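Read through the structure below, which is laid out as structure tokens, and then see the notes.
Protein chains: 4
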Amino acid sequence: MSKKNLNIGLIGYGFMGRTHSNAFLQAGRFFDLPYKPTLKAVCARNPDRVKSFAANWGYESIETDWRAMIERPDIDLIDIASPNDTHAEIAIAAARAGKMVMCEKPLGRNAAEALAMTEAVEAASVPNMVWYNYRRVPGVVLIKQLLDEGKFGRIFHYRAKFLQDWTISQDLPQGGEGLWRLDVAVAGSGVTGDLLAHNIDTAMWLNGPITEVSAVTETFIKERKHNLTGDVQPVGIDDASAFICRFENGSLATFEATRYARGHKALYTLEINGEHASAFWDLHDLHRIQYFDHQDEGRVRGWRNVHITDGDHPYMKHWWVPGLQIGYEHTFTHQFADFLQATGEGRSSAPTFRDGLATDRVTDAVLKSAKSRKWETV
Amino acid sequence: MSKKNLNIGLIGYGFMGRTHSNAFLQAGRFFDLPYKPTLKAVCARNPDRVKSFAANWGYESIETDWRAMIERPDIDLIDIASPNDTHAEIAIAAARAGKMVMCEKPLGRNAAEALAMTEAVEAASVPNMVWYNYRRVPGVVLIKQLLDEGKFGRIFHYRAKFLQDWTISQDLPQGGEGLWRLDVAVAGSGVTGDLLAHNIDTAMWLNGPITEVSAVTETFIKERKHNLTGDVQPVGIDDASAFICRFENGSLATFEATRYARGHKALYTLEINGEHASAFWDLHDLHRIQYFDHQDEGRVRGWRNVHITDGDHPYMKHWWVPGLQIGYEHTFTHQFADFLQATGEGRSSAPTFRDGLATDRVTDAVLKSAKSRKWETV
Amino acid sequence: MSKKNLNIGLIGYGFMGRTHSNAFLQAGRFFDLPYKPTLKAVCARNPDRVKSFAANWGYESIETDWRAMIERPDIDLIDIASPNDTHAEIAIAAARAGKMVMCEKPLGRNAAEALAMTEAVEAASVPNMVWYNYRRVPGVVLIKQLLDEGKFGRIFHYRAKFLQDWTISQDLPQGGEGLWRLDVAVAGSGVTGDLLAHNIDTAMWLNGPITEVSAVTETFIKERKHNLTGDVQPVGIDDASAFICRFENGSLATFEATRYARGHKALYTLEINGEHASAFWDLHDLHRIQYFDHQDEGRVRGWRNVHITDGDHPYMKHWWVPGLQIGYEHTFTHQFADFLQATGEGRSSAPTFRDGLATDRVTDAVLKSAKSRKWETV
Amino acid sequence: MSKKNLNIGLIGYGFMGRTHSNAFLQAGRFFDLPYKPTLKAVCARNPDRVKSFAANWGYESIETDWRAMIERPDIDLIDIASPNDTHAEIAIAAARAGKMVMCEKPLGRNAAEALAMTEAVEAASVPNMVWYNYRRVPGVVLIKQLLDEGKFGRIFHYRAKFLQDWTISQDLPQGGEGLWRLDVAVAGSGVTGDLLAHNIDTAMWLNGPITEVSAVTETFIKERKHNLTGDVQPVGIDDASAFICRFENGSLATFEATRYARGHKALYTLEINGEHASAFWDLHDLHRIQYFDHQDEGRVRGWRNVHITDGDHPYMKHWWVPGLQIGYEHTFTHQFADFLQATGEGRSSAPTFRDGLATDRVTDAVLKSAKSRKWETV
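Chains as they are written, first to last, in the working numbering: chain G, 1 to 378; chain L, 379 to 756; chain C, 757 to 1134; chain F, 1135 to 1512.
In structure tokens:
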């Protein structure tokens, strides 16, 4: 049972370049996959730094122009881990070149970009996936399973937050490497695209489509020095974004993301309340879920603190033994393993570009509502 | 140092009649007060039940007509613990009769009623107070102290919830004793007035005025049998209510209340995020707060789980020794002790009727926004 | 259904005098009892302070000599809340005078005293009870119910701790009012009798007799100034005490108590592990238990965090509504209500003096083992 | 700065063979190391399975006789991940062959074996290390740093547990692959060597030498079927083991390990109480510590829940960004990175074989005390 080789070309070597590379290397050690991934090339503009990145992670070659990489016949899959403003152009070119395409989230800076990207991969019929990695947290997958099994009954409420505190200082500059998330031209938006997009992707996966939203956004610090030019410039991104909404299934929800919640580093939380059961998960203890089953006997009914480390928990039989937790990067490993498995079977692996487009449509509606001060339909 | 006597006339003997009566009896045992409260009379329509209540709690006499009680010269203070639709009429009459007036929350069924009540007590210059008891949770008071001391710096975010699950069953009837909170004619609204009002009162006390809101409400179960008549009738209350808002100080907030959050019994939670510090409190562990101080050394910075049972915590030197927690009813005891203390010193004790009016104005705006689907100014 | 009157004479007005008095006043408000308790007299040596205590709590009269109080024919029940060195003499005299006797724990300073006391109340056939109040925490009672129903199967392990930190300072004096617990002549022992006794009483109630122990004790601060005389004297009490042991049912256990565990105020914790289930409780969140049921489906098996505030939880239907917690002093109220109920039915109410004696036998064995450095049979 | 190559020969392909192999592969991706590790060979008796293991992890060659592997000149380092009864013979032979030696814990089945192993590596002057991986949990390392900086002052208490529940079923067989930990001839002991050894190693690293112990052990299930032969045989291991002890620094401690604590999968907990500070850590949330600093202002003093994911936390700058947790296997990666770093600098990296010997001396004393029913000096 020899495995097909799959040659990967990675674009971008930042934080996400590292998580993806780790996934490429780890997936095959822990999962039995139909493909053997090869780290064929990594591409970024700075030749010294890309060389050093390639050496560290074992990429066989480097490129400094992404167009050159897409033209290489020895590349099967283009993985986009570069800033948001590059996603659309690269993805569309890669699809047209017949490559499989994986893209870091959010798919586009807005739904228009995402639509063009989606149409490109669908026209080219190439496997495609967006790195909404939190769909591969074992505890979140377990909640999905329980929902699909009907354990919750009718859903009444969903709530999600993504709280950070790393931009509170007025002295933090904006723009440039490591800080492009604060530059609206590059990022497309602030926390709405960076953080809420995660919340929304998971929410719609678990609870179905969002139909309408009423939102508020705020930019607490109005001007920042640019990291490269040194110029003090207006801040274009949203520092905080919150919305109330309705889902197609009739449930209500609140969503909130911010980088100004002192004391929270990356606190993604989600909760879903159904007629018979409720569940809660948060990223700061990603290896646990809280689960409430109303059918438990009354006296001993309570939120069950489930340590997701057993063999019957999603993905966990591939790792260690009960009680031993996994970490953040494993979600990327799971996602890549699922992608290879699905591709080997001729299936697409969610979240596809079309799923990523659906999320961008909601974030667009959120930003629009914050401006219009009205409810906006998705 | 003989104490002045203070004769109390209580109206209503339900859940709140019990918490108030307990406060009247306990306050003097644990606090050194300028008045000695006497449980002079209790009033309710059913003579047998009011007699039994009076015997249990030690009321000296009973009345079955509240107008008769207000006319009694031996009553100094009228305490209103009857359903919401009686608040305005009783309070106004009591004020006109020159009685001190304490009223269970919400003050009115709407801001119009609350305004009339407020004008009545202010015209009569009688001490007055609304039983928003969560302002007297020691941990919440501690958060207020820390805010007043400037420990938080600029405030960015506030969030509050009040989650319950006791009305999920379709079989639960509406209306009548014990269930009047489901009857919109009696209650005025559903969770907006019953639960969100608590969240809003505390929020404005801690974080200042709310200026505008965008809200959504839902009635999940559209018809219920009436408890007394047996008729199936439309449900008029809001089962769930959520809103986003802005405070005058520039901070953003999300609020949510529901009786359809499976697994939560009375989960009032609040969190405030400032530039330098954050704090969290919830009613299910009311004797704790979580506090984050960004000035702690980086390596050992974390949310401090503070067990509010020490002598230097608000109210706690009056109770036991460190480590020994108090419960829910103590908040009423604290509030009544504060009321007597303030009255003895000729001060008013917050929350006054005017404070209760401010909350009713926000709940009115919430209900209005849910209908108009627009942002509404408070 | 008129109630019999029960005249109480309390001896001692310290911390425990307050908790007992509160129980006498509160029990009848929340429980339907066969007796109506009357606070007839309180006794202590200092006439001014006892007068003030009587006024605060509503005692009808005072005494300054406990022998005089025991001789009063209008006293039905003697409640001993004075320091440990007075328990035996008072209890024996009270029993001989035919009074009901309630005694603060530990029963005696040692098992010899406790035995004499037990024989006295049994010879006199008077109702008697020791204030091991933690048996009346609703969550602990629930664990007892579940054990009695066989939910745990064979028991393998028990573990308990009582951690405090209030004596760490070298500057804390010993002896005299408020500090007699540090004076071995008065207290009998240090944490063994003060804290471990609580752990042991609950443990044997839940898990049956302890058969043998191996213990270690330590006095970390060897000399302290005496609070009254000012003399620096050797410290005679044990500051910390830990032991391993076997129960008659074959389970193993560890126990530990200390006043040198920085960060813990009154952290009594207990855990029991059985074949099918486990449970945990701690005093810092006394209104919760953690419960693990191995029969839950594997994927959603976890420790259930049970908020003990529902009507089907022990004692809780007498208090408020679901979600609203009670505090420390309620355990005394429950115990007194149970005592009156049992006495009215001619039953004895555990823990009786004989139960208190059993605990003193274990604490004696612990102290003996710490000296002999051998296993000691209880 | 080209790196020296380091050729590794692994013996054993079970659970620990996987954790070690992962560490060999991951260390260089995340840490800048003086050596480039090469997975040269893996050795085990079953050729098919070892071949498959080699293919999965990328070992260049296989061996089925460990003696053959030790003789290979192209192997620099022997890593022992085979059952306990093979440790001594292999380690001594490897040392004599001049190889670096790493050995899974416990070092020997008893202190006699461990002493011979220690003398062998010291006589050969080869780098050596025991895989007590919990010394490399970032939170545990942080506690060590804080202790070394004097933040805790005088230490009064230490307590540790390791609770599991996987052997409660009577139907679980003993012996053979995957189950050799239940076979006393292979394992040396039960939970004492398997679990308590971890607790003891960390404890002595943090708190110094243990001087004397009093222990109890129990075998709850007395006979089990052998996995290979099918014969029902007496169980020789200790199912549970607990002890009280004194440390050289005067502090007291309790330790407990068991495989019969229903509800706990791998709950290693440790707590240390000092004059000024206390800390707690547990394996089920390994990315957190609880820290109490008595110097915090009284009103807001509490246990700080520290999420160990920041760049100033031990090891964490090598991984992701604040808020994103790592998992269990990372502790092995850290340990291997430290070993290579130390070896490159000519230092030894703790825990060395001599450290492993110290732990085996304590576990020997524990087992001896459980038999002698006396305190035993280490």
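Glycine included, each C-beta is placed from N, C-alpha and C at the ideal position.
Keep in mind that this is a model prediction, so the values were computed, not measured.
Inspect the CB distances between the segment 163 to 174 of chain G and the segment 332 to 340 of chain G and report whether three or more fall short of 8 Å.
no
Just to confirm before moving on: does the CB-CB distance between R45 of chain G and T64 of chain G stay below 7 Å?
yes
Which residues does DSSP list as the beta-bridge partners of E376 of chain G?
G:V213
How should M1135 of chain F be labelled, buried or exposed, when 16 other C-beta atoms within 10 angstroms of its C-beta is the threshold for buried?
Low confidence applies to M1135 of chain F: its pLDDT is 48, below 50, so where it sits in the model is not reliable, and the reading given next is rough at best. It is exposed - the Cβ of M1135 of chain F has fewer than 16 other Cβ atoms within 10 Å.
DSSP state of K1278 of chain F, grouped into three classes?
helix
Hey, is the segment 654 to 662 of chain L in contact with the segment 604 to 622 of chain L, meaning 3+ C-beta pairs nearer than 8 Å?
no
The beta strand (DSSP E) with H913 of chain C in it runs from where to where?
I911 to L919
Where are the alpha helix (DSSP H) runs, 4 residues long or more, that stay fully inside the segment 936 to 967 of chain C, in chain order?
940 to 943 and 953 to 963
At a CB-CB cut-off below 8 Å, which residues of chain L make contact with L107 of chain G?
Those within 8 Å of L107 of chain G in chain L number zero; the least Cβ separation is about 26 Å.
Going by Cα to Cα distance, which pick from G:G28, G:M129 and G:D32 is closest to I78 of chain G?
G:M129
Residues of chain C with CB closer than 9 Å to the CB of T1392 of chain F, please, in chain order.
F912, H913, L1008 and N1029
Check whether S1105 of chain C and A1098 of chain C have beta carbons under 7 Å apart:
yes
Would you say the segment 392 to 412 of chain L touches the segment 368 to 377 of chain G, given that touching needs at least three Cβ pairs under 8 Å?
no
Mind reading off the beta-carbon distance from H662 of chain L to G1079 of chain C? Whole number of angstroms is fine, and I expect it under 8 Å.
6 Å
Roughly how many angstroms separate the alpha carbons of I848 of chain C and P1107 of chain C, rounded to a whole number?
17 Å
Should the segment 450 to 466 of chain L be called in touch with the segment 489 to 497 of chain L, which here means at least 3 C-beta pairs below 8 Å?
yes
Kindly indicate if chain L contains any beta-carbon less than 7 Å away from that of G931 of chain C.
no
A1189 of chain F versus N5 of chain G - alpha carbon distance
15 Å
First and last residue of the alpha helix (DSSP H) that includes M16 of chain G?
F15 to F30
Pick from L:C481, L:G628, L:L648 and L:I686 that is closest to Y510 of chain L, judged by C-alpha positions:
L:C481
Grab me the residues of L411 of chain L's own chain with a C-beta within less than 8 Å of its C-beta, minus the 5 sequence neighbours each way, in chain order.
K381, A405, A715, L718, Q719 and G722
Taking 7 Å as the CB-CB limit, is P700 of chain L close to chain C?
yes
Cβ-Cβ distance between D760 of chain L and R1438 of chain F below 7 Å:
Any question about residue 760 of chain L goes unanswered here, given that chain L covers just 379 to 756.
Leaving out five residues before and five after V1274 of chain F in sequence, what residues of the same chain have Cβ atoms less than 7 Å from its Cβ?
Y1268, T1336 and W1415
Under 7 Å by beta carbon: chain C residues contacting R299 of chain G
L898, D1068 and H1069
Are the Cβ atoms of T363 of chain G and T192 of chain G separated by less than 7 Å?
yes
How should N249 of chain G be labelled, buried or exposed, when 16 other C-beta atoms within 10 angstroms of its C-beta is the threshold for buried?
exposed
CB-CB under 6 Å to A1013 of chain C, same chain, minus the five flanking residues each way: which ones, in chain order?
F918, V947, L951, L952 and S997
Here's the rule: buried if 16 or more other CB atoms are within 10 angstroms of the residue's CB, otherwise exposed. What is L938 of chain C?
buried
Which one of C:F908, C:E827, C:G768 and C:W813 has the shortest CA to CA distance from R1396 of chain F?
C:F908
Where in the segment 464 to 492 of chain L do unbroken runs of the alpha helix (DSSP H), each at least 4 residues long, occur, reported from the N-terminal end onward?
465 to 474
For N1333 of chain F versus F1389 of chain F, is the C-beta spacing smaller than 7 Å?
yes
Which residue wins for smallest C-alpha separation from K99 of chain G, given the options G:E149, G:N110 and G:N7?
G:N7
C-alpha distance - A1009 of chain C paired with M1338 of chain F, whole-angstrom precision
23 Å
How should L270 of chain G be labelled, buried or exposed, when 16 other C-beta atoms within 10 angstroms of its C-beta is the threshold for buried?
buried
Per the DSSP calculation, Q1367 of chain F is bridged to which residue(s)?
F:R1358
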